[in-house]
Structures are given as structure tokens and as C-alpha cells.
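Here the structure comes first, spelled out in C-alpha cells, and everything after it is commentary.
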Amino acid sequence: MLRTLSPTEQHGVALGFIMKEQREAAARATVSTPSTPRVESLKPHVNSYVGREGEPLLRWLVEVDIAITARLIVDPLSKFLDLQQSKHDVHAYAQSARYLVSNIVTNPIDEATQVVTFMKGLKDGPVKAYLFREYPSTLESAITLAMQEEFSLRQAKLHVNVPQPMQRPMVKPSGGPEPMGLSSATTAGSQQRRGPSNVRCFRCGNNGHYAHECTAPVQAVKGRRDDTGYHHGQ
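Residues in the sequence shown are numbered from 6 upward in steps of one, following the numbering used here.
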């Protein structure tokens with residue numbers, strides 16, 4: 006049918022077909038939820054039809070139809086290869102990576118590509134540097150290491166940000182004796198209670214304590230006095 010038409014009429018038919026496809030695509034986009042706009046991940050290129058000899062118009066129309074249909078498809082592989090962590094935490098980023106990998110059914114990608122893509126999409130920082138040092142062999146091991154490293158960094162920040170109790174400065178008095186520490190006071194008190202070692206008890210005759218601190222029995226004290234020749238009045 007198209008062969009019997011003039012070139013101008015052929016161009017008119019092609020233009021009408023393109024306009025119809027565009028209207029149908031716009032209608033499908035309007036029916037979809039406006040809060041989740043369609044992501045055009047595939048952008049196929051179709052050459053313009055110029056009507057040269059040996060260039061069938063029908064084949065060009067089929068290419069246009071395929072291109073329009075393809076633009077409505079969200080390709081999980083393209084989305085996974087372009088995946089970025091952005092402002093998400095590692096857990097949310099890992100869940101997105103798992104979801105996209107599970108949707109790649111036709112031509113599954115190998116583990117090495119999954120690991121490299123996951124590490125490449127991480128934010129620049131300690132987690133990304135740690136994973137490139139370890140270089141895990143599977144996507145799940147990479148996710149586990151990334152989540153563990155992020156948890157360790159958060160714990161370290163919590164310990165650093167704990168407020169320390171403020172120590173009250175010791176004010177040195179302008180005059181008078183300096184305050185004595187508790188340990189010094191205890192030591193001095195015990196020494197004062199014990200008394201100097203060169204003090205002699207006139208009750209029992211032993212050194213190291215005074216008579217009012219003496220605990221020796223009376224008979225022992227009397228015998229010691231007799232032995233030492235100690236007598237009152239001397």
C-alpha cells in the first residue's frame with residue numbers, strides 16, 4: 006500500500022503514525038502515579054527517514070515502534086551499574102543493590118562485577134577504603150563488611166562524643182595554712198597515735214608509746230620495773 010503512494014504521502018503516513026504513538030505514550034504516562042515518574046534509562050537512537058532508494062519505510066516504522074516501547078522499560082542492569090549510595094546509609098544502599106541484582110534475570114552479571122559495582126557506588130570515606138583493602142569475593146561478603154565497618158565507626162563516634170565530667174579547680178587560699186590531703190592527714194594521725202619510736206613508756210619500760218597508751222598487764226609492768234631497777238623517786 007505504501008509503495009503506491011507518493012513520497013509526500015508516505016511522509017504524511019509516517020508522521021501520523023509517529024504522532025499516534027506519542028499520544029498513546031503520553032496517555033500511559035498520565036495514568037501512572039505522578040509521585041513516581043518513569044525513569045528513562047534506555048535511550049535508543051533511530052536514524053531519520055529520508056526516503057532514499059532501497060530504504061523501506063515499513064522497516065523504519067518498525068524501528069521507531071521498538072524504540073518507543075524500549076523507552077518505557079526500566080532496565081535493572083543499567084540501574085545497578087549506575088547505583089550510588091548518595092545520602093543513604095549502608096543498609097539502605099545494600100538493600101537497593103540486592104533488589105536490582107535479583108531483577109536481572111535475562112543476563113545475570115557475575116559476582117566480580119557485582120562486588121566492583123557495589124564498592125564503586127559507596128561514598129568516599131573509611132567504609133569504601135576498607136572494602137577496597139579487603140576486596141571481598143562476593144556481594145554478600147562485601148555488604149557484611151561494609152555494614153560492620155559502618156557500625157564500628159558509629160560506636161567510635163558515640164564514645165568520643167560522651168561528655169566528660171568537669172573537674173572543679175582547686176582554689177589555693179590567699180592566706181593561712183594550706184589544706185592537707187586526706188591521705189596525709191591519715192598518715193599524720195596514725196603517726197601521732199603511735200607516737201615517735203624513741204619515746205619510752207615509764208609504766209612498762211618499752212619504747213614507742215606513752216604511758217597512757219600502755220596496755221601491758223599490771224603484774225607484767227611490776228616485774229619489768231623490778232628487772233630494770235626502775236623505782237619511783239629516782
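Beta carbons: idealized from backbone N, C-alpha and C, even for Gly.
Quick one: what's got a C-beta closer than 8 Å to residue i's C-beta in the same chain, skipping five residues either side?
i	result
Glu116	Ser142, Thr143, Leu144
Ala134	none
Lys92	none
Ser107	none
By DSSP's criteria, residue i is part of a beta bridge. Which residues make up the other side?
i	result
Arg205	Asn212
Residue i by DSSP, collapsed to three states: which one?
i	result
Asn52	coil
Ala72	helix
Lys25	helix
Ala221	coil
Arg199	In this prediction, Arg199 scores a pLDDT of 48, lower than 50, which makes its location untrustworthy; the coordinate-derived value is nonetheless stated afterwards. Helix.
Ser101	helix
Glu58	coil
Val132	helix
Val95	helix
Thr149	helix
Thr9	helix
Gln89	coil
Ser83	helix
Leu127	coil
Ser142	coil
Apart from the five residues just before and just after residue i, which ones in its own chain have a Cβ nearer than 7 Å to its Cβ?
i	result
Thr13	none
Ala147	Val120, Phe123, Met124, Leu136, Pro141
Arg205	Asn212
Grab me the residues of residue i's own chain with a C-beta within less than 6 Å of its C-beta, minus the 5 sequence neighbours each way, in chain order.
i	result
Gln89	Gly126
Ile109	Pro81, Leu82
Lys128	Gln90
Does the distance from the CB of residue i to the CB of residue j come in under 8 Å?
i	j	result
Met24	His96	no
Asp94	Glu155	yes
Leu150	Pro131	no
Leu63	Tyr54	no
Would you say residue i reaches chain C, if we count a Cβ-Cβ gap shorter than 8 Å as a contact?
i	result
Leu127	Any reference to chain C falls outside this structure, which holds one protein chain only.
Measuring alpha carbon to alpha carbon, tell me which residue in the options is nearest residue i.
i	options	result
Thr111	Cys219, Leu150, Leu82, Thr220	Leu82
Val18	Arg33, Gly56, Pro131, Gln160	Gly56
Leu66	Cys219, Phe22, Pro222	Phe22
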